[in-house]
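Colleague:
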Amino acid sequence: MTDAAAGRRQWSDDTWVYLDDPRMPAVAHGWKLHISARPAALEDLLARVGPVLERHVCHAKHALDADVLRDLNSGRRTPASVGKAVTVYPAPGMVVAVAADLVDALRGTEGPPVLSDLRVAEDAPVYYRYGPFEATYRTGAGGRMESVMTGPDGQLFDGLATGRYRCPPWARDPFRPEPEPGRTTAEPARAAAAEAVLGGRYRVTSGIARAAHGNVYRAVDRDTGLEVVLKQARPYVGEDESGRDARDRLRHEGTVLLALDGVAGVPAFVDYFRHGADEFLVTTDCGGPNLRREVMRNGPFRVGAAGRDPLDLADRLQAILDRVHERGVVVRDVKPDNIVLDASGDCHLVDFGVSAVDGRGPAGATPGYTAPGVPDAGADPERDRYALGVTLGFAATGLDPVLIDDSTAVNRDRTLAGLEAARVDPAVLGRIRTLMKVSDAVRRPPVVDDELLDAIIAHTVAFCVAAARETVCDPSAPIDLYAGSAGLGLELLHHREQPGVAQAVDMLANWTVRQSRELSAGLYSGRTGVALFLQRAGVSYRDEDPWPADRPEGGPPEADLIEGAAGVGLGHLLLADGAASGSISADGPDSRVAEHHLAVAAECHRLVTTGAATLTPVDAAQSGTAALAEGIAHGDAGVTSFLIEYAHLTGEPGALASARLSAERLAVLTSDLLLRALRPEASRRYGSWCRGLAGIGTVLLHAGERLAEPLYVELAQQCADVCVRIAPCMPQVIQCCGLAGVGDFLVSVAAATGDRRRWDQAFEVARLILARSGGPWSSPDFPDVELTGSSAGWAGGSTGVLGFLRRLRDRGGPRPVSAT
Numbered sequence: 006m007t008d009a010a011a012g013r014r015q016w017s018d019d020t021w022v023y024l025d026d027p028r029m030p031a032v033a034h035g036w037k038l039h040i041s042a043r044p045a046a047l048e049d050l051l052a053r054v055g056p057v058l059e060r061h062v063c064h065a066k067h068a069l070d071a072d073v074l075r076d077l078n079s080g081r082r083t084p085a086s087v088g089k090a091v092t093v094y095p096a097p098g099m100v101v102a103v104a105a106d107l108v109d110a111l112r113g114t115e116g117p118p119v120l121s122d123l124r125v126a127e128d129a130p131v132y133y134r135y136g137p138f139e140a141t142y143r144t145g146a147g148g149r150m151e152s153v154m155t156g157p158d159g160q161l162f163d164g165l166a167t168g169r170y171r172c173p174p175w176a177r178d179p180f181r182p183e184p185e186p187g188r189t190t191a192e193p194a195r196a197a198a199a200e201a202v203l204g205g206r207y208r209v210t211s212g213i214a215r216a217a218h219g220n221v222y223r224a225v226d227r228d229t230g231l232e233v234v235l236k237q238a239r240p241y242v243g244e245d246e247s248g249r250d251a252r253d254r255l256r257h258e259g260t261v262l263l264a265l266d267g268v269a270g271v272p273a274f275v276d277y278f279r280h281g282a283d284e285f286l287v288t289t290d291c292g293g294p295n296l297r298r299e300v301m302r303n304g305p306f307r308v309g310a311a312g313r314d315p316l317d318l319a320d321r322l323q324a325i326l327d328r329v330h331e332r333g334v335v336v337r338d339v340k341p342d343n344i345v346l347d348a349s350g351d352c353h354l355v356d357f358g359v360s361a362v363d364g365r366g367p368a369g370a371t372p373g374y375t376a377p378g379v380p381d382a383g384a385d386p387e388r389d390r391y392a393l394g395v396t397l398g399f400a401a402t403g404l405d406p407v408l409i410d411d412s413t414a415v416n417r418d419r420t421l422a423g424l425e426a427a428r429v430d431p432a433v434l435g436r437i438r439t440l441m442k443v444s445d446a447v448r449r450p451p452v453v454d455d456e457l458l459d460a461i462i463a464h465t466v467a468f469c470v471a472a473a474r475e476t477v478c479d480p481s482a483p484i485d486l487y488a489g490s491a492g493l494g495l496e497l498l499h500h501r502e503q504p505g506v507a508q509a510v511d512m513l514a515n516w517t518v519r520q521s522r523e524l525s526a527g528l529y530s531g532r533t534g535v536a537l538f539l540q541r542a543g544v545s546y547r548d549e550d551p552w553p554a555d556r557p558e559g560g561p562p563e564a565d566l567i568e569g570a571a572g573v574g575l576g577h578l579l580l581a582d583g584a585a586s587g588s589i590s591a592d593g594p595d596s597r598v599a600e601h602h603l604a605v606a607a608e609c610h611r612l613v614t615t616g617a618a619t620l621t622p623v624d625a626a627q628s629g630t631a632a633l634a635e636g637i638a639h640g641d642a643g644v645t646s647f648l649i650e651y652a653h654l655t656g657e658p659g660a661l662a663s664a665r666l667s668a669e670r671l672a673v674l675t676s677d678l679l680l681r682a683l684r685p686e687a688s689r690r691y692g693s694w695c696r697g698l699a700g701i702g703t704v705l706l707h708a709g710e711r712l713a714e715p716l717y718v719e720l721a722q723q724c725a726d727v728c729v730r731i732a733p734c735m736p737q738v739i740q741c742c743g744l745a746g747v748g749d750f751l752v753s754v755a756a757a758t759g760d761r762r763r764w765d766q767a768f769e770v771a772r773l774i775l776a777r778s779g780g781p782w783s784s785p786d787f788p789d790v791e792l793t794g795s796s797a798g799w800a801g802g803s804t805g806v807l808g809f810l811r812r813l814r815d816r817g818g819p820r821p822v823s824a825t
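Note that this note's numbering has the sequence shown beginning at 6, numbered continuously upward.
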């Protein structure tokens with residue numbers, strides 16, 4: 006693509022080439038265009054698009070090269086990335102004109118569908134949606150960073166592109182007439198899908214899965230009444246260098262199923278048809294949920310459990326594999342997602358898109374489910390048995406294989422070490438090792454001592470310093486405590502003696518104070534956490550609007566610790582203490598500043614205690630919510646922590662009464678929670694800091710100390726016992742929902758009680774973290790929330806792990822927000 010005549014600035018990263026037009030006004034969000042292309046046609050597409058961009062005022066970006074576009078079109082990053090070879094950000098009011106020129110230039114060219122967008126014209130691969138032009142993020146209720154757009158009257162809308170079209174309520178589609186009153190633009194499409202009849206005979210009844218290469222539906226054959234499954238393949242998605250795409254793999258799967266005709270435990274081939282540009286495979290319906298959903302919903306399988314014995318599951322799956330192998334087929338994708346359990350307890354293998362027939366088939370593999378050294382195109386039946394062993398480990402624990410290390414052999418050993426730590430039944434563990442053909446002793450993590458801790462901490466500090474340097478070079482990097490520069494900086498402040506840290510903290514602080522972000526007043530997610538970091542780093546900063554705001558949709562302020570009044574109030578108590586003491590302020594003690602912070606905290610206290618600020622209700626039946634309603638991040642425990650600290654610092658009798666009442670209520674809730682957490686089907690989130698007993702127990706421990714109530718400390722000890730039981734099956738190592746949060750809690754209990762047993766348990770959690778990590782023991786790579794890479798955020802990355810390890814080595818010490 007040629008540079009624009011207007012003198013566009015061009016720069017690139019590992020994925021995109023950016024073209025910035027100096028004439029383009031600042032636009033936070035609006036109608037954007039996406040142009041789809043096949044990898045081999047990228048160069049020709051850019052030659053056609055370049056002159057159009059030269060004629061219009063707009064920013065743009067395009068895929069770096071054909072290999073990058075091939076990866077985007079695979080859907081491995083996200084289904085929403087498919088097809089986005091070029092993104093155009095037109096000036097306000099110009100999207101229709103730019104789109105018309107692009108359609109004229111691209112008629113007759115082809116590309117995969119852009120799932121997040123609507124198509125401008127049927128004869129050109131030009132798509133559109135309303136979305137962000139500049140990255141703006143906040144921490145959502147689930148603890149993850151969310152892309153947000155702020156519309157008129159403060160309305161918020163999730164700006165993240167997904168696998169379906171979505172449009173904010175304030176935007177009016179410039180290409181189509183207004184939707185019916187009371188219906189959003191996406192509703193007609195959903196209604197049509199729910200009533201769809203495909204192939205002239207298959208009436209769609211529900212969806213099973215949504216994926217970039219195609220969705221999976223349940224349907225009824227109107228001719229026979231047979232319940233069937235429809236698998237969709239979209240054109241040009243996942244296209245490889247030879248031009249084969251998702252449709253070729255679906256056709257191959259049909260061939261495999263015909264070769265397996267009559268094999269019990271495998272869906273039967275029914276039909277294959279084309280619908281528009283998409284193709285569909287029709288099979289018999291094997292029934293209920295897949296193994297992953299079953300374990301997440303009802304807990305791991307246990308030896309002796311009726312209908313849920315892992316050894317019986319392994320026997321049944323092995324029998325299916327034996328029959329499949331007798332037909333000359335190697336599945337090559339045995340995993341929990343591809344095992345379906347029906348209402349009678351029978352199991353079935355599904356998804357044969359990368360299977361090999363008589364040694365031939367497309368390459369493909371799911372990371373972690375293939376033995377070290379086995380090529381993606383390998384067709385040895387032992388490959389399926391290895392995958393069955395890994396799958397059996399998941400069934401018995403809910404733990405996926407470790408993926409973080411560059412060496413698949415290291416990942417295999419860490420996976421097995423994790424299963425051993427999870428106390429898998431010896432007979433099950435023996436079966437797993439036999440299936441995976443592991444006869445040698447697994448290299449287990451060493452016992453963690455202070456010498457090893459020192460080495461790990463030094464390595465992780467260096468990683469965080471490098472992350473700080475990358476942060477200040479990224480204009481879109483978050484600045485909050487939860488995931489951004491404030492959380493990173495607050496932890497690095499405890500390591501100033503390490504090489505490069507002092508400079509990195511100063512650099513982070515000076516960069517953070519200059520950033521302009523649409524942040525709430527929140528403690529972990531907003532400006533209060535940023536102010537706390539800057540104060541402790543010695544940088545002057547004053548938030549001109551520190552007060553908790555009403556919800557964007559018009560409701561009362563949020564009351565929680567992450568985003569709401571409890572967190573804002575707690576943060577300003579800490580800011581008041583810093584201002585009054587001058588111990589962490591560049592300007593020394595300042596009583597007026599301290600009084601200002603106390604006034605904000607007092608208003609937050611009023612909002613919480615009068616019910617003017619409320620917690621967001623939670624659907625307790627929703628999978629994964631577990632203890633969210635009581636948890637420290639978004640529930641009662643977070644509110645209690647603020648009320649206790651406010652009463653302690655102000656000494657007000659009314660505040661003390663409110664704190665006691667809130668602590669008593671939390672204690673009652675926790676007693677019931679402890680019983681629920683011990684049920685076999687209980688979610689592992691019951692052990693987490695943000696939603697579960699690690700965070701709740703931390704608050705109860707704090708309540709016992711501040712309110713001089715030993716019963717709360719005893720209840721915190723019970724929380725610790727349950728967390729220790731849950732920890733070996735927690736897949737994450739991070740602070741928010743993982744092992745670091747549990748370890749931090751155990752450090753707090755050990756420091757408060759002097760119980761040597763708790764120190765031993767905290768050190769064992771550190772060992773569990775090593776078993777789930779990559780790299781050498783003394784310089785590990787801690788997986789972030791995605792489990793496949795490392796990042797530096799406090800809640801979901803290495804900074805939070807570093808905080809736990811520091812407190813473990815020092816036998817105590819402050820957390821980023823010391824009152825909790």
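C-beta: ideal position from N, C-alpha, C; glycine also.
Given the structure is predicted, the values throughout are model-derived calculations rather than measurements.
Out of V233, D19, C609, P240, which has the shortest C-alpha to C-alpha gap to A554?
Modeller: Comparing Cα-Cα distances from A554 to each of V233, D19, C609, P240, the minimum goes to C609.
Colleague: On a Cα-Cα basis, can you pick out the residue from G700, H639, V613, P95 that is closest to A664?
Modeller: V613
Colleague: Tell me which residue opens and which closes the alpha helix (DSSP H) that F468 is part of.
Modeller: 455-476
Colleague: Can you tell me the Cβ-Cβ gap for Y717 and A682, rounded? I've got them flagged as a contact below 8 Å.
Modeller: 18 Å between Cβ atoms; not a contact.
Colleague: Helix, strand or coil for M154? Go by DSSP, reduced to three states.
Modeller: strand
Colleague: So, under 8 Å CB-CB, F306 and A400 are touching, yes? Tell me the CB distance rounded to an integer number of Å.
Modeller: 5 Å
Colleague: In its own chain, which residues sit with a C-beta less than 8 Å from the C-beta of L393, not counting the 5 before and 5 after it?
Modeller: A319, L322, Q323, L326, V339, L440
Colleague: Taking C-alpha atoms, which residue in R449, R43, V452 lies nearest to G248?
Modeller: R43
Colleague: For D76, which residues from the same chain have a beta carbon less than 8 Å from its beta carbon, with the 5 sequence-adjacent residues on both sides left out?
Modeller: Cβ within range, chain order: R82.
Colleague: Tell me whether the segment 782-798 and the segment 403-411 touch, counting them as touching only if at least three CB pairs, one residue from each stretch, are closer than 8 Å.
Modeller: yes
Colleague: Going by DSSP in three states, L712 sits in which element: helix, strand or coil?
Modeller: Of the three classes helix, strand and coil, the one that applies to L712 here is coil, per DSSP.
Colleague: Can you tell which of Y651, Q540, R611, D565 has the C-alpha that lies nearest to the C-alpha of L578?
Modeller: Y651
Colleague: Rounded to whole angstroms, how far is the Cβ of D290 from the Cβ of V234, which I believe are closer than 8 Å?
Modeller: Yes, they are in contact, since the Cβ atoms of D290 and V234 sit about 5 Å apart, within 8 Å.
Colleague: Kindly say whether A238, judged by its beta-carbon, lies nearer than 9 Å to any beta-carbon of chain B.
Modeller: No chain B is present in this structure, which holds just one protein chain.
Colleague: Check this for me: beta carbons of A3 and G219, under 9 Å apart or not?
Modeller: No answer is possible for residue 3: it lies beyond the span of the chain, which begins at 6 and ends at 825.
Colleague: Check each candidate in P56, H64, V73 and name the one with the smallest Cα separation from D18.
Modeller: Closest option to D18, Cα to Cα, is V73.
Colleague: When we look at the beta-carbon of C478 and count the other beta-carbons within 10 Å, is it buried (16 or more) or exposed?
Modeller: Under this definition C478 is an exposed residue.
Colleague: Under a Cβ-count criterion, where at least 16 other Cβ atoms within 10 Å of its own Cβ denotes burial, should W36 be classed as buried or exposed?
Modeller: buried
Colleague: Start and end of the alpha helix (DSSP H) containing W175?
Modeller: Run containing W175: none; DSSP gives neither H nor E here.
Colleague: Does K442 pass the burial test, meaning 16 or more other C-beta atoms within 10 Å, or should it be called exposed?
Modeller: Residue burial is scored here from C-beta neighbours: K442 has fewer than 16 other C-beta atoms within 10 angstroms and is therefore classed as exposed.
Colleague: Count the CB pairs spanning the segment 459-472 and the segment 501-512 that are closer than 8 Å, and state whether there are at least three.
Modeller: yes
Colleague: Could you spell out where the alpha helix (DSSP H) holding Q323 opens and where it closes?
Modeller: 315-331
Colleague: Sort out for me which residues DSSP pairs S17 with in a bridge.
Modeller: DSSP lists V22 as partners of S17.
Colleague: Once DSSP output is grouped into helix, strand and coil, what is the label at L203?
Modeller: strand
Colleague: What's the C-alpha gap between R124 and P179?
Modeller: 12 Å
Colleague: Can you give me the C-alpha to C-alpha distance between D381 and L486, rounded to a whole angstrom?
Modeller: 41 Å
Colleague: How many whole angstroms separate the CB atoms of A721 and G697, which I take to be in contact at a CB cut-off of 8 Å?
Modeller: Incorrect: roughly 13 Å between the Cβ atoms, too far for contact.
Colleague: For the alpha helix (DSSP H) containing G398, name the first residue and the last one.
Modeller: 386-402
Colleague: Consult DSSP for I213 and reduce its assignment to one of helix, strand or coil.
Modeller: strand
Colleague: Let's see if you can read the secondary structure: which residues bound the alpha helix (DSSP H) around H653?
Modeller: Segment 641-655, the alpha helix (DSSP H) holding H653.
Colleague: To which residues does DSSP link F768 through a beta bridge?
Modeller: For F768, which the question treats as bridged, DSSP gives no partner whatsoever.
Colleague: I'd like to know whether the C-beta atoms of A211 and R223 end up nearer to each other than 9 Å.
Modeller: Reading off the sequence, residue 211 comes out as Ser, not Ala. Yes, these two residues count as a Cβ contact at 9 Å.
Colleague: Work out the CA separation of L575 and A216 for me, nearest whole Å.
Modeller: 42 Å
Colleague: Under DSSP, the beta strand (DSSP E) around D283 begins and ends at which residues?
Modeller: It spans 283-289 - the beta strand (DSSP E) in which D283 sits, taken as one unbroken run.
Colleague: For a minimum of 3 consecutive residues, which ranges assigned as the beta strand (DSSP E) are wholly contained in the segment 417-458?
Modeller: none
Colleague: Going by DSSP in three states, C352 sits in which element: helix, strand or coil?
Modeller: strand
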